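Engineer:
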Amino acid sequence: MEKLVLAKEGVFPVVRDHNGNAIQSEPKTGLQMPGTIQGEGKLAGVPSLFIRLSSCNLRCIWQMEDGSFCRCDTTYASFHPDEIVEMEVNDVFNWVKHNLGNVRHVVITGGEPLIQKRALAPLCRKLKEELNVYITLESNGSLYDADVADWIDLFSISPKLRNSEPNAEKLAAYNLKEAGPYKFHAQKRLNLSALQSYIDLSNSTDKELQLKFVVGKSSDYKEIKADFLGALNNWNDNDILLMPLGATQEEVAKSSPLVLEMAIANGWRYSPRVHIELFGSKSGV
Ligand code: SF4
Numbered sequence: 003m004e005k006l007v008l009a010k011e012g013v014f015p016v017v018r019d020h021n022g023n024a025i026q027s028e029p030k031t032g033l034q035m036p037g038t039i040q041g042e043g044k045l046a047g048v049p050s051l052f053i054r055l056s057s058c059n060l061r062c063i064w065q066m067e068d069g070s071f072c073r074c075d076t077t078y079a080s081f082h083p084d085e086i087v088e089m090e091v092n093d094v095f096n097w098v099k100h101n102l103g104n105v106r107h108v109v110i111t112g113g114e115p116l117i118q119k120r121a122l123a124p125l126c127r128k129l130k131e132e133l134n135v136y137i138t139l140e141s142n143g144s145l146y147d148a149d150v151a152d153w154i155d156l157f158s159i160s161p162k163l164r165n166s167e168p169n170a171e172k173l174a175a176y177n178l179k180e181a182g183p184y185k186f187h188a189q190k191r192l193n194l195s196a197l198q199s200y201i202d203l204s205n206s207t208d209k210e211l212q213l214k215f216v217v218g219k220s221s222d223y224k225e226i227k228a229d230f231l232g233a234l235n236n237w238n239d240n241d242i243l244l245m246p247l248g249a250t251q252e253e254v255a256k257s258s259p260l261v262l263e264m265a266i267a268n269g270w271r272y273s274p275r276v277h278i279e280l281f282g283s284k285s286g287v
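Note that the sequence shown covers residues 3 to 287 in this note's numbering.
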């Protein structure tokens, strides 16, 4: 049986384990129940259960308009995947089954979930065939896998712009060295063929797509138009979302006026980050 490597939250928020037994610690949401809401994108506000897989092929560190830096808000699932939980596909499925209640949406996130495509495909298949849940896959769009894609309802793709690259100045600010994945981020972040596959699949099936660009600088606009949308075909304005950069309410507040203007001027959607407003910058919510 294939195994998946999950980040420290695993399946969240939950009140029962994979055997259906009550667990002692209450969910990080502070609610006396399993489940939370999707905080971002077209399905913001929709009750959901999350599965966070560990590890990422990228290492995002952004610079904001005021010069300050802001890095990946789930470094424990990307930069430093040290607190991991290894689980068989059946066990992950059972955590979901025993905590689903009336929730019909399951969100698979990371890290970058498609790094674990071999075990992810059977999990998605089981979730769809046995629980008939609506599955969202959150990915950075640098990878595509047809076996996983078969079972996904919404591809929530967040392509990474040049501003996400961990240059020497940013690495120094976080006391990190330019080695391994930090070195390869720039060459891996943009995969037009993968992005086009998501667009083509959503246009030829009833699967949904959102291309959710994280924006922190006014220069991001030209790049979205030229390097991404200008190089891709048959995308729909309705599927283009801009989301303010920031892992805290203060950071999101700094980016949001710029992002609002950009979204309105182009007829694209503005994506909120509702979970940060509701729960702060905590994991497991
Ligand atoms: S792609 Fe996503 S998970 Fe990976 S480092 Fe960037 S923000 Fe973090």
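Cβ coordinates follow ideal geometry from the N, Cα and C atoms, glycine included. Fair warning: this is a prediction, and the values are worked out from it, not measured in the lab.
1. For residue 43, is the beta carbon positioned less than 7 Å from some heavy atom of the ligand SF4?
2. Can you check whether the CB of residue 115 is closer than 8 Å to the CB of residue 80?
3. Going by C-alpha distance, which of 156, 60 and 66 is nearest residue 113?
4. Taking residue 82 as part of the beta strand (DSSP E), name the residues at either end of that continuous run.
5. What does residue 215 pair with, by DSSP beta-bridge criteria?
6. Quick check for students: name the residue ranges of the beta strand (DSSP E) that lie wholly in the segment 156 to 240, counting only runs of 3 or more.
7. Within the present structure, is the beta-carbon of residue 142 separated from the nearest heavy atom of the ligand SF4 by less than 7 Å?
8. For the beta strand (DSSP E) containing residue 5, name the first residue and the last one.
9. To the nearest angstrom, how far is the alpha carbon of residue 199 from that of residue 172?
10. Assuming residue 292 contacts residue 192 under a Cβ cut-off of 8 Å, what Cβ separation, rounded to an integer in Å, is found between them?
11. Would you say the beta carbon of residue 114 comes nearer than 7 Å to a heavy atom of the ligand SF4?
12. State yes or no: is the C-beta of residue 46 within less than 8 Å of the C-beta of residue 274?
13. Jot down the residue ranges of each uninterrupted beta strand (DSSP E) in the segment 87 to 111, minimum 3 residues, whole runs only, in chain order.
14. Count the CB pairs spanning the segment 199 to 218 and the segment 95 to 105 that are closer than 8 Å, and state whether there are at least three.
15. Kindly indicate which three-state DSSP category residue 144 falls into: helix, strand or coil?
16. I need the DSSP call for residue 249, collapsed to helix, strand or coil.
17. Classify residue 82 as buried or exposed, calling it buried when 16 or more other Cβ atoms lie within 10 Å of its own Cβ.
18. At what residues does the alpha helix (DSSP H) containing residue 280 begin and finish?
19. For residue 51, write down the residues that DSSP places opposite it in a beta bridge.
20. In angstroms, rounded to a whole number, what distance separates the CA positions of residue 224 and residue 281?
21. Hey, would you say residue 162 sits closer than 8 Å to residue 62, going by beta carbons?
22. Please classify residue 245 as buried or exposed, where buried requires at least 16 neighbouring CB atoms within 10 angstroms.
23. Tell me the rounded alpha-carbon separation between residue 150 and residue 127.
24. Per DSSP, what are the beta-bridge partners of residue 38 in this structure?
25. Closest to residue 168 by CA distance: which of 156, 160, 181 and 158 is it?
26. How is the alpha helix (DSSP H) around residue 127 delimited, first residue to last?
27. Which first and last residues belong to the beta strand (DSSP E) in which residue 72 is found?
28. Since I believe residue 32 is in contact with residue 51 (beta carbons under 8 Å), could you give me their beta-carbon distance rounded to a whole number of angstroms?
Structural biologist: This is what the structure gives:
1. no
2. no
3. 60
4. Here residue 82 belongs to no beta strand (DSSP E), and DSSP marks it neither H nor E.
5. 244
6. 156 to 159 and 210 to 217
7. yes
8. 5 to 14
9. 32 Å
10. For the chain, the structure presents residues 3 to 287; residue 292 sits outside this window and is missing.
11. yes
12. yes
13. 87 to 90 and 107 to 111
14. no
15. coil
16. coil
17. exposed
18. 276 to 281
19. 108
20. 33 Å
21. yes
22. buried
23. 8 Å
24. 50
25. 181
26. 119 to 128
27. 71 to 73
28. At roughly 17 Å, the Cβ-Cβ gap does not stay under 8 Å, so residue 51 and residue 32 are not in contact.
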